[in-house]
Amino acid sequence: MVQPLGYLKESASQTAGPYVHIGCTPNFTGIHGVYDQDLGSGSMVTDQTRGERITIRGHVFDGAGTPLKDALVEIWQADADGFYNSPSETRGTADPNFFGWARCPGDMDTGEFVFETIKPGRVPFREGRPMAPHVNFWIVARGINLGLNTRMYFSDEEEANGEDPILARIEHRVRVPTLIGRREGNTVTFDIYLQGDKETIFFDI
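According to UniProt numbering, the residues represented by the sequence shown are 1 to 205, in order.
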């Protein structure tokens with residue numbers, strides 16, 4: 001007999017508080033002895049990793065244009081050949097020397113996040129069309145009820161960006177630049193704006 005579940009009520013939502021850093025990056029908060037190092041805080045690459053080394057730097061800005069100093073940012077991406085380091089990857093074998101995922105708390109003085117990684121290869125969309133090289137971002141911080149998902153594309157990939165099926169779906173074309181990381185040499189700057197005129201496009205996934 002099916003039992004009614006109307007008595008199970010949804011818990012009230014909570015904004016991300018200090019437990020995010022305490023639970024996800026205890027060493028960063030000064031709590032030692034839980035892990036040798038915080039999960040995701042090590043380098044994503046080794047000397048054997050294939051691909052072009054890049055550094056991704058940026059800030060998370062609030063609606064007033066002030067960088068958040070308590071944001072926690074995660075990235076995940078394909079390797080240089082376009083394969084993910086994931087059990088669900090069925091197209092080929094990912095580079096075993098590339099982790100593909102990392103986590104970085106913003107600097108408590110400046111709010112800056114930094115990732116040492118490689119430029120990813122192109123990954124096919126559902127029907128097989130190649131997407132432009134991109135890095136997936138997930139952001140949490142004080143005042144954010146649900147983690148925010150976005151993407152960073154590369155300013156030196158104009159042709160590939162023009163063919164990308166996700167970027168092509170953005171109706172308001174003036175907002176496309178909010179997803180483009182500015183590349184200068186081996187450094188890519190990607191600032192994330194939560195609100196305002198420069199508000200970054202976020203994805204409902």
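Backbone N, C-alpha and C define an ideal beta-carbon position, used for all residues, glycine too. Predicted model only: the values in this text are computed from it and were never measured.
Pair within 8 Å by beta-carbon distance, residue i and residue j
i	j	result
residue 20	residue 68	no
residue 140	residue 56	no
residue 49	residue 97	yes
residue 112	residue 32	no
residue 106	residue 70	yes
residue 81	residue 95	yes
residue 201	residue 175	yes
residue 137	residue 149	yes
Cutoff 7 Å; reference residue i; Cβ partners in own chain excluding five residues on either side
i	result
residue 129	165
residue 46	97
Exposure of residue i, with buried meaning 16 or more beta-carbon neighbours within 10 Å
i	result
residue 103	buried
residue 35	exposed
residue 9	exposed
residue 152	buried
residue 203	exposed
Residue closest to residue i, alpha-carbon to alpha-carbon, out of the options
i	options	result
residue 132	167, 150, 75	167
residue 77	124, 37, 105	124
residue 162	100, 180, 197	180
residue 100	26, 25, 134, 172	134
residue 198	53, 28, 65, 40	65
residue 119	40, 196, 183	183
residue 116	41, 201, 194	41
residue 53	121, 143, 194, 193	121
residue 75	175, 185, 43, 127	43
residue 207	169, 185, 142, 29	Absent from the structure is residue 207, since the part of the chain shown begins at 1 and ends at 205.
Nonlocal neighbours in the same chain, by C-beta distance under 6 Å from residue i, ignoring five residues either side
i	result
residue 26	34
residue 79	94, 95, 98
residue 211	Residue coverage of the chain in this structure runs from 1 to 205, which leaves residue 211 outside it and unanswerable.
residue 196	63
Residue i beta carbon near the ligand FAD (any heavy atom closer than 7 Å)
i	result
residue 91	In the structure shown, the ligand FAD is absent, as is every other ligand, since no ligand is present at all.
Own chain, CB closer than 8 Å to residue i, minus 5 neighbours either side, in chain order
i	result
residue 178	193, 198, 199, 200, 201
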